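Student: Please read through the structure below; I'll follow up with questions.
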Amino acid sequence: MSREHEWVDDEAGPVVRPYAVARGRTRPTSTALDLLAIVALSGKSAPAKAELGAQHRRVLSCLAAQSRPVAELASDLGLPVGVIRVLLGDLLQYELVAVRPPRDEKATAATESLLREVINGLRAL
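Per the numbering used here, the very first residue in the sequence shown carries number 65; after that it's consecutive.
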């Protein structure tokens, strides 16, 4: 049985407190880790000096399929956002992940005409 499975009880959930997962740290090393920031794998290998725990590896494996926002990553892994931000900060330091800001809200905002078309379509149903 691996150590990762010792930390989770099927009925009770995680048996290790979040601050222990983040090694007592509460702040990420990067300010780029906004809730909506998109995180992706960088494609680089971990350096020999990298101290990656089981949760770091879980984050990397979750990002293997596709890039994700920080908030979605936290939800998928069942960890608090603060812990995910700390773990991602570690991965950023080792250049294992890349972070890009969320899309500009103005670029994706719906126009009034689009909203009217949606309303008319719903009424037609």
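Using N, Cα and C, we set each Cβ at its ideal position, and we do this for glycine too.
These figures come from a predicted structure and were not determined experimentally.
So the alpha helix (DSSP H) R121 belongs to, where does it begin and stop?
Tutor: It spans A118 to L127 - the alpha helix (DSSP H) in which R121 sits, taken as one unbroken run.
Student: When burial is assigned at 16 or more other CB atoms within 10 Å of the CB, is A101 buried or exposed?
Tutor: Buried, by the Cβ-count rule.
Student: Sort out for me which residues DSSP pairs L105 with in a bridge.
Tutor: DSSP, once it has assigned bridges, lists V161 as partnering L105.
Student: Could you spell out where the alpha helix (DSSP H) holding E176 opens and where it closes?
Tutor: Where E176 is concerned, the enclosing alpha helix (DSSP H) stretches over E176 to A188.
Student: For R149, is the classification buried or exposed, using 16 other Cβ atoms within 10 angstroms of its Cβ as the cut-off for buried?
Tutor: Burial call: buried.
Student: If you run the structure through DSSP and keep just helix, strand and coil, what is R167?
Tutor: DSSP places R167 in coil when its eight states are reduced to three.
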